[in-house]
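Protein chains: 4
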Amino acid sequence: MQKNTKPCYYPEYLQLNKLLDAQHPESTKYGAEAHDETLFIIVHQAYELWFKQVLHEIHSILPVLSQSHVDESNISTVNLRLERIHRIQDVLVDQIDILETMTPLDFLDFRDYLIPASGFQSIQFKEIEILLGLKSEYRINFDKKSFYSRLNEKDRNYLMDLEEKPSLFDAVEKWLERMPFLEFGDFKFWNIFKDAVETMLAHDEKVLKDADYLSDAEKTFQLNDLENTHATFDALFDKEKYDELKTQGRFRMSQEATLSALFINLYREQPMLNGPFRLLQSLVEIDEKFTTWRYRHTTMVLRMIGSKIGTGGSAGHDYLRQTTQNNRFFRDLFNLTTFLIPRSALPKLPDEVIKAMNF
Amino acid sequence: MQKNTKPCYYPEYLQLNKLLDAQHPESTKYGAEAHDETLFIIVHQAYELWFKQVLHEIHSILPVLSQSHVDESNISTVNLRLERIHRIQDVLVDQIDILETMTPLDFLDFRDYLIPASGFQSIQFKEIEILLGLKSEYRINFDKKSFYSRLNEKDRNYLMDLEEKPSLFDAVEKWLERMPFLEFGDFKFWNIFKDAVETMLAHDEKVLKDADYLSDAEKTFQLNDLENTHATFDALFDKEKYDELKTQGRFRMSQEATLSALFINLYREQPMLNGPFRLLQSLVEIDEKFTTWRYRHTTMVLRMIGSKIGTGGSAGHDYLRQTTQNNRFFRDLFNLTTFLIPRSALPKLPDEVIKAMNF
Amino acid sequence: MQKNTKPCYYPEYLQLNKLLDAQHPESTKYGAEAHDETLFIIVHQAYELWFKQVLHEIHSILPVLSQSHVDESNISTVNLRLERIHRIQDVLVDQIDILETMTPLDFLDFRDYLIPASGFQSIQFKEIEILLGLKSEYRINFDKKSFYSRLNEKDRNYLMDLEEKPSLFDAVEKWLERMPFLEFGDFKFWNIFKDAVETMLAHDEKVLKDADYLSDAEKTFQLNDLENTHATFDALFDKEKYDELKTQGRFRMSQEATLSALFINLYREQPMLNGPFRLLQSLVEIDEKFTTWRYRHTTMVLRMIGSKIGTGGSAGHDYLRQTTQNNRFFRDLFNLTTFLIPRSALPKLPDEVIKAMNF
Amino acid sequence: MQKNTKPCYYPEYLQLNKLLDAQHPESTKYGAEAHDETLFIIVHQAYELWFKQVLHEIHSILPVLSQSHVDESNISTVNLRLERIHRIQDVLVDQIDILETMTPLDFLDFRDYLIPASGFQSIQFKEIEILLGLKSEYRINFDKKSFYSRLNEKDRNYLMDLEEKPSLFDAVEKWLERMPFLEFGDFKFWNIFKDAVETMLAHDEKVLKDADYLSDAEKTFQLNDLENTHATFDALFDKEKYDELKTQGRFRMSQEATLSALFINLYREQPMLNGPFRLLQSLVEIDEKFTTWRYRHTTMVLRMIGSKIGTGGSAGHDYLRQTTQNNRFFRDLFNLTTFLIPRSALPKLPDEVIKAMNF
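Residue numbers (the numbering used here), protein chains in the order written: chain Y, 627 to 985; chain B, 627 to 985; chain S, 627 to 985; chain E, 627 to 985.
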């Protein structure tokens with residue numbers, strides 16, 4: 627490490643001359659300054675700073691996971707960076723508490739000046755969504771149309787190009803597909819697992835049929851539900867059925883990737899799978915935290931403007947409410963719990979498989 | 627204050643002999659102890675302790691707000707206790723983070739032993755819901771049926787009796803109805819306010835029609851939305867229309883109470899209205915925090931059991947997801963923001979009204 | 627409200643071109659970029675954005691509290707802004723969780739490039755400290771010397787000028803001194819209060835002497851402590867003694883201000899005192915939250931660099947640890963609890979005093 | 627998994643009859659119930675429930691770490707349970723926010739009835755302290771004496787017996803001592819590391835001497851500090867010097883354990899060391915969170931009772947403040963950062979060592 631040649635001064639290092647000269651309320655231009663507009667600007671600027679950091683982490687993770695062989699020490703670095711994203715997301719949520727100290731009346735003092743600006747114009751946030759893997763086709767209709775319409779041409783083109791590049795979703799899917807050890811010599815893991823599942827489902831069916839605390843209507847409903855679970859399990863092991871469900875949007879990941887992810891979830895306690903399991907869990911956590919953030923944000927908007935129109939001319943909260951759950955990136959990973967079976971029913975891995983997994 | 631006659635010993639004061647002897651995992655009875663069942667028991671016990679405290683506060687607030695005259699120092703005490711409930715609700719949410727350290731596989735180790743027990747059997751939580759004002763008729767269908775069906779007779783009768791008694795919702799409604807100063811000599815507040823609203827809506831309409839950044843379809847959609855807002859405003863000042871919307875479930879509070887609440891929201895900065903405004907806001911906050919709790923709880927259940935059946939034989943998460951938003955107690959107060967207008971458009975109160983408000 | 631003449635575009639409104647072009651790691655200049663330096667820059671920039679917002683609020687509060695008459699609706703606005711500062715402080719603390727995802731090894735990768743920059747060069751933070759009322763003379767020795775030495779001349783002069791202007795501490799002190807109703811006709815509040823205090827202290831002395839669970843040494847220690855409390859109480863009502871203790875640094879506020887603050891604390895439930903009490907409590911809370919922040923920050927630094935020298939060449943954490951408790955602004959308000967007596971022992975205010983207080 | 631033979635009912639499963647019948651305010655016995663005493667009881671009961679859960683986890687971790695060979699999947703389970711303890715500690719801290727809604731005046735309403743009960747009589751908390759490794763000899767004087775004096779004989783004996791048994795500190799120390807690979811064939815790790823350290827310290831010395839932004843006094847101070855760091859480094863590799871410092875209380879862990887812990891910290895990115903590193907970090911985090919809890923608790927007590935005597939007749943807050951930092955269990959692990967050197971200066975491990983580490 628080379629010595630620095632020029633003493634470093636904190637305000638210059640942080641470029642505070644730029645940073646602290648970037649708050650210019652519109653209300654000042656049109657007459658009296660609305661006291662709370664500064665807060666509105668600063669909270670959104672803080673969001674954008676953190677979005678930049680999230681992008682910095684995603685951009686560092688992507689090439690690592692895209693390598694044809696990802697070794698364990700890399701998984702460990704990826705996990706640390708994903709966990710940093712979690713902490714940032716926590717702060718994104720906490721910042722809503724600050725914004726909520728602004729009352730509706732205070733917001734109405736400058737709302738009109740911002741028309742038609744809108745949070746939907748945050749290029750960095752859209753960049754995060756695209757890089758994590760939210761394809762246009764997954765968006766709800768309203769979102770599909772308006773996602774690009776409110777942007778200027780440069781911003782729109784930038785994002786449309788980005789959609790063509792591999793996302794974190796793609797990288798994770800490929801990394802999972804490359805995972806070995808699902809068939810090992812005579813050991814056909816999925817055959818044994820299928821038997822265990824059948825036993826579990828039969829058990830659940832018996833529990834339901836014996837349940838005298840349930841009304842007949844409830845029983846029928848539950849048994850129906852169980853049948854659906856059964857069908858989904860069947861599809862999991864049948865490429866044709868799986869791909870059909872994938873076309874219908876029930877799955878987004880390939881069958882191979884889903885099976886690998888399930889295996890990692892089932893045998894997470896194997897040292898070799900610790901890192902991969904934390905990685906999958908971290909991805910679900912990112913979804914979880916963005917969902918919480920969208921939810922809190924929706925409620926805040928609703929509290930702030932009621933059913934009034936948003937600054938971008940959109941029926942603000944309704945749209946937001948719908949995206950809350952829809953825009954998950956790693957839904958398939960989240961849904962895996964449906965396929966878990968009790969540890970006691972889990973096939974024991976043969977010693978040579980365990981040895982092979984730990985090299 | 628009398629001196630205590632017998633020295634107090636911490637473990638006895640807290641009755642730890644009872645408290646710490648109340649954790650008996652079912653798994654132990656049926657074979658090997660599942661390590662995580664203790665956590666499952668303790669987290670729910672901690673919930674129940676806090677529910678008891680919330681009930682203690684609600685029971686102390688109810689008689690105060692039910693008096694024919696509630697003076698300001700009482701409002702202040704009520705506010706402190708409502709804010710205590712908020713802090714407790716924060717901890718209820720935080721406790722989910724603890725429960726989430728249990729993995730689905732760990733839960734499957736003892737889930738079957740708990741059938742058909744279920745969180746829906748928490749009498750204290752139902753008691754809170756009823757005391758805050760959630761009538762059976764407001765519940766979603768699934769909830770309506772199952773709310774009582776899983777309880778033993780004693781518990782069911784206790785709660786059904788409770789439904790007959792006045793709730794916090796009822797007390798708040800009556801307290802708002804009793805509020806004075808909406809008509810004061812020649813000053814007819816609502817007439818002036820109606821004019822201000824008309825001006826604002828006309829302004830919003832013009833903004834929308836001029837909005838060349840909106841497509842025609844979007845414009846039509848937004849203008850339609852604006853018309854609905856207009857209609858709701860009209861109903862606000864027309865008893866007949868209001869009561870019709872009330873019958874349809876659009877409002878739950880009486881017109882008089884809604885108008886008082888709106889007035890308090892509009893003139894919250896008047897010293898006399900500070901306390902009442904904080905009170906209304908605190909009630910909305912209680913809703914908000916329970917909604918967050920239900921939401922986090924739903925997601926946790928989904929992550930824990932996937933689409934599998936819940937311990938109570940219910941399709942756990944689906945039910946929970948629907949109650950998340952539906953079971954708000956003070957929806958009317960939350961929706962008031964729709965009726966706010968910019969401070970600059972707000973009618974100035976005549977000096978004699980202000981003087982009268984501050985006695 | 628005038629219509630805006632030019633459509634507002636979110637990225638321009640937030641001046642993202644400046645904001646997002648202000649992150650330039652030193653490590654890049656000296657060779658390979660250290661991945662985590664971006665985080666280091668962004669977390670400090672986010673701090674500075676929030677400091678700007680805190681200053682915005684303080685600057686709006688100061689003139690209000692400096693008026694010769696502060697009416698209740700102003701108190702209410704001040705309280706809302708102080709509570710906004712609390713929420714911002716919560717986020718300042720939460721941001722430490724993000725920074726802690728950087729490991730010591732990662733920090734060592736670029737630490738040397740930052741020499742001698744240091745958080746002590748945050749002009750805005752020093753501005754906050756000065757505006758809240760931290761005089762140079764209250765700082766610990768180390769801090770006194772180094773507070774200005776690391777700044778360039780312009781920054782130093784700016785802050786030294788600021789020290790000459792009235793702070794929030796000064797404004798609050800004067801506002802408290804102006805408070806009426808401590809003597810009212812025949813009612814000499816403090817005489818009655820003194821009697822109540824004597825009774826309480828006599829009671830405490832008896833409790834201690836009767837305490838057979840205490841050893842003789844412990845008893846002597848406690849009784850000594852009680853005597854000190856007695857002496858401080860005496861000083862409270864004796865201008866000469868009070869001013870002596872003030873010279874010694876035991877008090878910072880004038881006797882008149884302290885007595886007003888005590889009165890507000892004792893009779894907080896009086897409607898008229900609700901606002902003032904929340905204001906005093908909010909000031910203590912600001913102290914509390916900065917103390918927590920300093921404490922968490924110290925621990926983080928210690929974990930990051932051990933007992934190594936800080937980037938500013940200072941023995942980082944030792945200094946920080948000492949300022950944690952020392953740099954409270956409203957110590958006197960915090961210490962008031964010593965002078966509280968049980969509600970049952972509190973003199974009842976005569977009706978005419980209560981009436982006068984509520985006008 | 628066997629089917630349960632008897633349907634499970636939620637209120638019975640949680641033994642709510644015991645749990646919810648354990649709140650009996652003393653104030654009720656002596657006259658009028660103090661409204662807030664219920665809160666005081668419930669918050670402490672919630673603490674005790676969580677302490678029980680923490681003990682449940684510690685008791686499950688201890689035997690695992692005490693095995694002569696701890697395999698990686700066990701480390702992984704231990705880590706999950708330590709992280710559960712973190713989440714519980716977060717809730718312990720959050721609960722203080724609830725207690726702080728009680729005002730000093732409200733507490734004074736029932737404080738006297740509780741004399742001489744005190745939180746120092748929480749057997750479970752002392753049990754946690756002892757099990758984690760806080761020996762009597764490490765306590766500050768005040769704590770040493772009073773730790774046992776306020777307990778009844780049964781409780782005292784129980785804890786004194788516990789002090790004789792191996793603690794988590796002991797188990798971790800032994801586990802670290804057993805760690806292999808510090809010498810491997812020709813590769814003498816610590817010799818190479820010592821050279822790297824000398825280079826780093828020489829670099830730091832030069833930086834300081836060149837620092838024209840430091841006054842002479844500051845330079846002397848810093849250089850002195852650097853010399854101390856040098857001496858501690860020397861001791862690290864010299865058994866005799868190390869043991870001397872250990873006698874003086876500068877270290878608590880054996881030299882072998884400290885060196886293993888340092889190695890794990892330096893090469894944490896090696897897959898084989900991931901688990902062990904997270905384990906060490908989790909232990910430090912437990913300390914950190916208890917320190918935060920003690921600190922917040924102290925401040926809360928101070929705010930509640932000022933410098934008045936605590937319910938246990940102790941000068942409450944002074945004692946608490948001193949224990950805040952002193953009662954860390956894993957101080958040695960926390961202090962390791964002093965011995966870290968920049969990653970670029972770190973000796974590269976020979977391939978055969980890396981291969982051996984990963985088996």
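We put the CB at the ideal spot given by N, CA and C, even for glycine.
In this text, all values refer to a predicted model and were calculated from it rather than measured experimentally.
Looking only at DSSP bridge pairs, what is residue i linked to?
i	result
Phe736/Y	For Phe736/Y, which the question treats as bridged, DSSP gives no partner whatsoever.
Residues of chain Y with CB closer than 7 Å to the CB of residue i, please, in chain order.
i	result
Gly657/E	Ordered by position in chain Y, no residue passes the 7 Å Cβ test against Gly657/E, which lies about 41 Å from the chain.
Could you work out which residues of chain S lie near residue i, taking near to mean beta carbons separated by less than 9 Å?
i	result
Ser686/Y	His661
Could you tell me which chain S residues have their CB closer than 8 Å to the CB of residue i, listed as they occur along the chain?
i	result
Thr703/B	Glu895
Gly901/Y	Simply none; closest approach about 17 Å.
Val639/Y	For the sequence presented, residue 639/Y should be read as Tyr rather than Val. Simply Glu652, Ile667, Leu740, Ala743.
Given that a residue counts as buried once 16 or more other Cβ atoms are within 10 Å of its Cβ, and exposed if not, what is residue i?
i	result
His923/S	buried
His670/E	buried
Lys974/B	exposed
Ala648/B	buried
Ser775/E	exposed
His943/E	In this predicted model, His943/E has a pLDDT of only 49, less than 50, meaning its place in the structure is not dependable; the value taken from the coordinates is given anyway. Buried, because 16 or more other Cβ atoms sit within 10 Å of the Cβ of His943/E.
Gly938/S	Interpretation of Gly938/S is limited by its pLDDT of 48, a score under 50 that renders its predicted location unreliable; the figure taken from the coordinates is listed afterwards. Result: buried.
Glu789/S	exposed
Tyr636/E	buried
Ser940/B	For Ser940/B, the predicted model reports a pLDDT of 45, less than 50, meaning its position is unreliable; a value from the coordinates is still stated below. Buried: at least 16 other Cβ atoms inside 10 Å.
Glu870/Y	exposed
Gly901/Y	buried
Asp836/Y	exposed
Lys865/E	exposed
Below 7 Å on C-beta distance, what does residue i contact in chain S?
i	result
Glu698/B	Pro897
Pro633/B	Tyr839
Arg782/E	Those do not exist, as Arg782/E stays about 14 Å from chain S at its closest Cβ, beyond 7 Å.
Report, in whole angstroms, the separation of the C-beta atoms of residue i and residue j, which I expect to be a contact under 8 Å.
i	j	result
Leu959/E	Val910/E	5 Å
Val704/E	Ile684/E	Incorrect: roughly 11 Å between the Cβ atoms, too far for contact.
Ile890/Y	Phe903/Y	5 Å
Thr917/B	Arg954/B	7 Å
Phe795/B	Phe965/B	Actually they are not in contact, since the Cβ atoms of Phe795/B and Phe965/B sit about 20 Å apart, beyond 8 Å.
Pro806/S	Cys634/Y	Their Cβ separation, rounded to whole angstroms, is 54 Å, which puts Pro806/S and Cys634/Y out of contact at 8 Å.
Quick one: list the residues of chain B neighbouring residue i, beta-carbon separation under 7 Å, in chain order.
i	result
Ser748/E	Tyr636
Tyr921/Y	Tyr921
Glu914/Y	Thr925
Pro968/Y	Leu734, Asp735
Leu731/Y	Leu966, Arg969
Compute every distance between the C-beta of residue i and the non-hydrogen atoms of the ligand GTP, then say whether any falls below 6 Å.
i	result
Phe863/S	The ligand GTP is absent from the structure shown, which contains no ligand whatsoever.
Are at least three pairs of beta-carbons, each pair with one atom in the region 715-732 of chain S and one in the region 818-836 of chain S, less than 8 Å apart? no
Count the C-beta pairs between the region 878-886 of chain Y and the region 913-930 of chain Y that are closer than 8 Å, then say yes if the count reaches three, no if not. Fewer than three beta-carbon pairs drawn from the region 878-886 of chain Y and the region 913-930 of chain Y are found closer than 8 Å, and the two stretches are therefore not classed as touching.
Does the structure place the region 720-738 of chain Y close enough to the region 657-665 of chain Y that three or more beta carbon pairs sit under 8 Å? Yes, the region 657-665 of chain Y is in contact with the region 720-738 of chain Y.
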